[in-house]
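These notes are about the structure you will find just below.
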Amino acid sequence: MKEKYAGIFPAFYACYDKNGEISAQAVQDMTEYLIGKGVTGLYVGGSSGECIYQSVAERKLVLENVMKVAKGRIVIIAHVACNNTKDSMELAAHAESLGVDAIASIPPIYFHLPDRAIAKYWNDISSAAPNTDFFIYNIPQLAGVSLNTSLLRTMLKNPCVKGVKNSSMPVQDIQMWKDEGCIVFNGPDEQLLSGLAAGADGGIGGTYASMPELYIRIYQLFHEGKMEEAREIQNECCRLIYEMCTAQGNLYAVLKEIIRINGGPDAGDVRDPLFHLQEADKAIAASCAGKIRNLIEKYCK
């Protein structure tokens with residue numbers, strides 16, 4: 001089980017056509033592109049997938065086209081949470097019908113619910129996909145709710161619950177969840193190496209798809225005990241992220257532009273109300289794209 005979920009899992013980007021609608025072809029192209037990079041799996045329908053700005057039908061369409069290409073070649077984790085239980089259960093059942101390896105869910109957002117209500121929400125979602133592994137997605141800075149040990153222990157009574165995608169900033173949280181016997185994915189890209197040192201089994205990240213070779217190399221070097229070189233690459237990735245974040249447009253718009261510049265598929269822009277790629281942002285994307293190519297040549301050949 002741990003081997004299955006060990007490695008690098010890019011968070012899959014929303015893929016739109018020129019009219020801002022889901023492009024089935026772009027979804028398939030992006031899936032094939034990332035498989036070709038050697039990633040362990042994909043995390044589909046999460047923050048990077050702009051899930052909260054897509055309908056249930058659109059999210060089904062994305063996952064269907066990912067699975068059409070993946071065909072068991074890589075591990076697929078589908079984030080299925082909506083801000084109501086009914087739609088979340090519908091997406092969970094759909095994901096299981098497609099044969100995904102696991103589903104995942106953030107807690108309900110906006111209303112601050114007690115732990116017992118969050119646990120019921122997650123268990124209801126899991127009940128719609130009873131033969132599929134389930135991961136809790138802990139991202140308190142966006143969801144407004146933090147996972148705690150008591151809630152995790154309650155959830156681990158459900159045999160489908162295998163672990164946590166941990167996107168909280170304290171690396172200590174990874175160690176805490178590991179002590180509960182969980183599989184844990186490191187979430188913040190800037191601390192992949194730190195997360196691995198704290199015991200994370202793998203990483204799921206929003207910038208991974210723009211430079212998967214570098215993150216795969218960090219993971220490999222960590223497991224080879226070559227910490228100095230791993231830290232060099234991690235620091236370079238952090239510097240790239242800082243540069244990307246100087247753009248006016250949303251980070252995902254910049255990341256998609258970087259992939260396009262570096263010969264990957266065109267995934268379009270981002271969906272309103274996310275701020276679109278600005279003309280001045282193209283120079284930032286081009287600069288980062290060039291640096292990524294140079295770093296791959298330096299560290300990954």
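Following our numbering, the numbering of the sequence shown begins with 1 at its first residue and continues without gaps. Heads up, the beta-carbon is just placed ideally off N, CA and C, and yes, glycines get one too. Here the structure is a predicted model, which is why all the values come from computation and not from measurement.
Pair within 8 Å by beta-carbon distance, residue i and residue j
i	j	result
S48	Y252	yes
A209	Y13	yes
Q268	K256	Before going further, note that residue 268 is Gly rather than Gln in the sequence given. Yes; because the gap between Cβ atoms is below 8 Å, this pair is in contact.
M176	A128	no
I261	A280	no
Q28	V69	yes
G20	R231	no
L196	Y219	yes
A95	A78	yes
A104	K157	no
D303	G206	Only positions 1 to 301 of the chain appear in this structure, which leaves residue 303 out of reach.
L61	A24	yes
R217	I233	yes
F275	N294	no
I292	M211	yes
Y43	A11	yes
V80	G45	yes
S287	E236	no
L91	M67	no
N148	Y110	no
D115	L151	yes
H325	G144	Limits of the chain in this structure are 1 at one end and 301 at the other, which puts residue 325 out of reach.
Opposing strand residues paired with residue i [DSSP bridges]
i	result
D133	A102
H276	Beta-bridge pairing links H276 to no other residue.
I76	L42
I138	The residue asked about is misnamed: residue 138 is Asn in this sequence, not Ile. In the DSSP output, where bridge partners are listed per residue, N138 has N166.
I204	F9
I22	Y16
Buried versus exposed call for residue i [16 or more other C-beta atoms within 10 Å across all chains shown]
i	result
G203	buried
N138	buried
S126	buried
T132	buried
Q191	buried
A247	buried
Y53	exposed
M155	buried
S167	buried
G225	exposed
R59	buried
F9	buried
K162	buried
A378	An answer regarding residue 378 cannot be provided, because it is not within the stretch 1 to 301 covered by the chain.
M30	buried
Simplified DSSP state of residue i, which is helix, strand or coil
i	result
F111	coil
V161	strand
Y16	strand
P265	coil
N186	strand
L221	helix
E180	coil
C51	helix
V145	coil
R293	helix
A227	The question names Ala, but residue 227 in the sequence shown is Met. The answer is helix: DSSP assigns M227 an H, G or I state.
R271	coil
Q191	helix
L156	coil
M244	helix
I286	Residue identity differs from the one stated: residue 286 is Ala in this sequence, not Ile. Correct three-state label for A286: helix.
G249	coil
N65	helix
Contacting residues, own chain, Cβ-Cβ under 7 Å from residue i (five flanking each side not counted)
i	result
A200	I174, V184, F185 and N186
L277	G249, A253, V254, E257 and D269
F135	I77, A102, A104, K162, G163, V164 and K165
L193	I218, F222, A230, R231 and Q234
Own chain residues within Cβ distance below 6 Å of residue i, not counting five before or after
i	result
E213	I296 and C300
Y121	T85 and P108
S146	P140
N65	A24, V27 and Q28
heavy atom of the ligand ATP below 7 Å from residue i C-beta
i	result
D266	This structure does not include the ligand ATP; it has no bound ligands of any sort.
Own chain, CB closer than 8 Å to residue i, minus 5 neighbours either side, in chain order
i	result
D87	V56
D17	S23, A26 and G268
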